[in-house]
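Read through the structure below, which is laid out as structure tokens, and then see the notes.
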Amino acid sequence: MKISAFHLMPHRELPDDFEKRYPSVWVTPPWHELADAGRVGQYYNWTLDELLFAARAGFDGVCTNEHHQNAYGFMPSPNIMGSVLAKQTNGTNVAIVQMGATLPTSNPPIRVAEEYAMLDCISGGRLVAGLPLGSPMDVNLCYGITPMEHRERYREAFALTMKAWQSREIFAWNGRYYQLANVNLWPRPIQQPHPPVWVPGSGSISTFDFAVDNEVCYCFLSYSGARSAKAMMDGYWKVVTDKGREPNPYRAGFLQLVVVGETDADAERKYARHVEYFYHKCLHVPAVWFAPPGNQDYRSLVAAANNPVRRAEDPKTLKYRDFVEKGYVIAGSPATVRDRLKAEVVDGLRVGNLMVLLQIGSMPHELTLENMDRFAKKVLPDLRGLWDDEGWVNHWWPEKLRGVKAPVTKAAAVAAGGA
Amino acid sequence: MTQERTIAVWQERVRLRVLSKGSGPPLVFFHGPWGLTWDSFLDLLARDFTVYAPEHPGTTPGVPDEIYQLDGLWDLVLCYDELLDALGVEAAVLVGHSFGAMVACEVAATSPRRARQLALIDPIGFWRDGEPVVNWMTLEPGEMRKRLFRDPQSEGARRMFGESDVEKESVAARVRIAWAMGATGKFIWPIPDKGLTKRIHRVTAPTLLVWGKDDRVVPPVYADEFMRRLPDARVQLVDQAGHAAQVEQPETVARMVREFAKG
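Protein chains in written order, with our numbering: chain Y, 1 to 419; chain A, 1001 to 1263.
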């Protein structure tokens, strides 16, 4: 399987009473009260250094993402970060996983197609092209896109992007939201017919259909762990099967928060406060902003209203041990982490493309590197060979990197023998 | 008795349910962002007028997705032009609340002859940086209700929000209101200033502006924006009322509108 290091680039030093003093971490947090540009420059550099450390440590990919006007994770342009990573990892087998630039906030959206093509060229064909819908906070509240048009715009922009990468002829795009008389991308991506595409989602049924119909890797970016994602991912796999596709585990990606200590107690001692900081401060957003009226289609709105879904817990009432117990965070010794990841995420959800978030909330630079190092040395080798025995091809990974097996593990050797 | 009929416009792609009642000259009521509720305000108007109350596209039960047939305000205004033709209404008293008042004003600006008189209750349509219109779509439901009404527990407020002891009915009401906000929000997100300043000079009809004194969504100072652009307009403030003046004070607002429209 493929395991990538994900990063949000959060504000690491919010005041202790942040969530009491301010109504939201997103859209409205006042910059001048909370941040300092010089210090934030340090955060960006730490973030790049941490991802480059992960790349050297043996991760298969490094992930960036786009968010706006917030202290939760503020890479407004993931491609600026991705560009540094692409350049600095040349000569390695690490994928540049952009999770990614948001189509509805890019106008015209072929800007994303162009920049991704640049990244693919710079990296020598190592790009994974994440094409997210974008969160309502980013797209509707910060960037002013009408909630009811958000998904329509996304779908049109998605189709335009795919065509822009693949068309050999110059074409005119006469769309509902975008009109371009001469689409003729310079540059084009190295990977043909186009870089592998991942679409992050949060469990809505219409996105399952979209992902399968478009043959992309569906990625569930969850902060509440694999256990609560189980029913959702089962729903995804049902759509995959119903539409007559093979249950290739590489059709699925999942993001999991992970902290690794020498022992379970060591993990708690080192990471507990950073995990609590993340859930208490970085996710401090009014609930209605996750679904302003019109953002969900009618079918999803009705489904959500009628499902007395176990009312999402308020994470502010939970502590480190709750987060660990519930699987929001997989934490502990290398053995604990490995076993839980394997059972709950990889096997439980049938995930071939795993993303792990190892810098969490206020976690400082040195501790982040420690967490990454321990994961890379003591957990990653035991996971890498999973799925190899079933012989699936990861069509959603850059082709030139698919066959690369970093340090050969037992499972990998078995797969090679059986191939 | 309220009558209802559903009329298809926009090449039959958009179906609009129209509630109507009364006899006399025609009066068209355009509802606000929370959907159409036939209430005592409309009953009172129906004493003097034939009241037609259409539902905005996408808010008619059973056809939510028809809202996707429209791209913007221009399409919406033309839909209503077709609807008025289908109703056989050449000209009418146009009344609207909030978003619906903006629509009434846009219809009157597009086809000035359509409006005999114009009555706008807590209308949106303009923007002042110093007194921003509150985006109700970004408020938590409880907070929104407090913002909207002077008395969020009043009979009218409860009716408008479809409160019910039956769980199934409250869920249906929540869906109805959320979808109505989304479908109307399509035309005004994220700032409800969509060019009325450029078009309002075309309105010729005498205009009554009715404003809840305690409107904390669109403060009554916005009446100035209308007053200085309309040729024949007056303002009446309503005591003990917020952004839905006709819901909180139906008798007072109905009297104001009837006196204005009859005179």
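Beta carbons are placed, not taken as given, at the ideal position from N, Cα and C, and that holds for glycine.
Item, Value
"Interface residues of the region 1132-1157 of chain A facing chain Y [CB-CB below 8 Å]", "M1137, T1138, L1139, E1140, P1141"
"Same chain, Cβ closer than 8 Å to R310 of chain Y, neighbours up to 5 away in sequence not counted", "For R310 of chain Y, the predicted structure reports a pLDDT of 48, less than 50, and the residue's modelled location is therefore unreliable. A value from the coordinates is still provided. So no residue of the chain qualifies."
"Which of helix, strand or coil DSSP assigns to R310 of chain Y", "Residue confidence for R310 of chain Y is low, a pLDDT of 48 falling below 50, so the modelled location carries little weight; the figure read from the coordinates is stated next. Coil."
"Opposing strand residues paired with M355 of chain Y [DSSP bridges]", "Y:S4, Y:L255"
"Three-state secondary structure (DSSP) of L1019 of chain A", "strand"
"Contacts around P1219 of chain A, its chain only, beta-carbon distance under 8 Å, and the 5 residues preceding and following it disregarded", "E1131"
"CA-to-CA distance, G201 of chain Y to V329 of chain Y, given in whole angstroms", "19 Å"
"Chain Y contact residues for G1185 of chain A, given Cβ-Cβ distances below 9 Å", "T146, P147, M148, P292, P293, G294"
"Run of the beta strand (DSSP E) containing W198 of chain Y, from where it starts to where it stops", "197-201"
"For V1028 of chain A: DSSP bridge partner residues", "A:Y1052, A:L1094"
"Simplified DSSP assignment, three categories, for N420 of chain Y", "Outside the displayed range of chain Y (1 to 419) lies residue 420 of chain Y, so it cannot be described from this structure."
"Under the three-state DSSP convention, the category T368 of chain Y falls into", "helix"
"Bridge partner(s) assigned by DSSP for N174 of chain Y", "Y:Q179"
"Secondary structure of I360 of chain Y, DSSP reduced to three states", "coil"
"Anticipated Cβ contact below 8 Å, L1094 of chain A with A1254 of chain A, distance rounded", "Going by Cβ atoms, the distance from L1094 of chain A to A1254 of chain A rounds to 16 Å, so no, they are not a contact pair."
"Straight-line Cα distance separating I1188 of chain A from A335 of chain Y", "54 Å"
"Contact list for E152 of chain Y against chain A, beta-carbon separation under 8 Å", "Y1068"
"Min CB distance R1015 of chain A to chain Y below 8 Å", "no"
"Proximity test, Cβ basis, 8 Å: M1181 of chain A and chain Y", "yes"
"Simplified DSSP assignment, three categories, for W165 of chain Y", "helix"
"DSSP state of Y218 of chain Y mapped onto helix, strand, coil", "strand"
"Cβ contact (3+ pairs, closer than 8 Å) linking the region 78-91 of chain Y and the region 133-143 of chain Y", "no"
"Coarse secondary structure for N70 of chain Y, derived from DSSP in three states", "strand"
"Buried/exposed call for A416 of chain Y, threshold 16 Cβ in 10 Å", "Low confidence applies to A416 of chain Y: its pLDDT is 37, below 50, so where it sits in the model is not reliable, and the reading given next is rough at best. Exposed."
"Alpha-carbon spacing of D373 of chain Y relative to Y271 of chain Y, whole angstroms", "15 Å"
"C-beta neighbour in chain A for L180 of chain Y, strict 8 Å", "no"
"Distance between R1150 of chain A and R1047 of chain A (C-alpha atoms, nearest Å)", "27 Å"
"C-alpha distance - L1078 of chain A paired with P30 of chain Y, whole-angstrom precision", "42 Å"
"Beta-carbon proximity of G73 of chain Y to L119 of chain Y, cut-off 8 Å", "no"
"Buried versus exposed, by CB contacts within 10 Å (16 or more), D388 of chain Y", "buried"
"Coil, strand or helix - G61 of chain Y by DSSP", "strand"
"Length of the line joining the Cα atoms of V324 of chain Y and E262 of chain Y", "16 Å"
"Separation of R1013 of chain A from V1063 of chain A, as counted between CA atoms", "10 Å"
"Alpha carbon of G253 of chain Y to alpha carbon of W1179 of chain A, nearest angstrom", "32 Å"
"Under 7 Å from the C-beta of D1065 of chain A: neighbouring residues of chain Y", "Y298"
"Spatial distance of P286 of chain Y from S24 of chain Y (CA atoms)", "7 Å"
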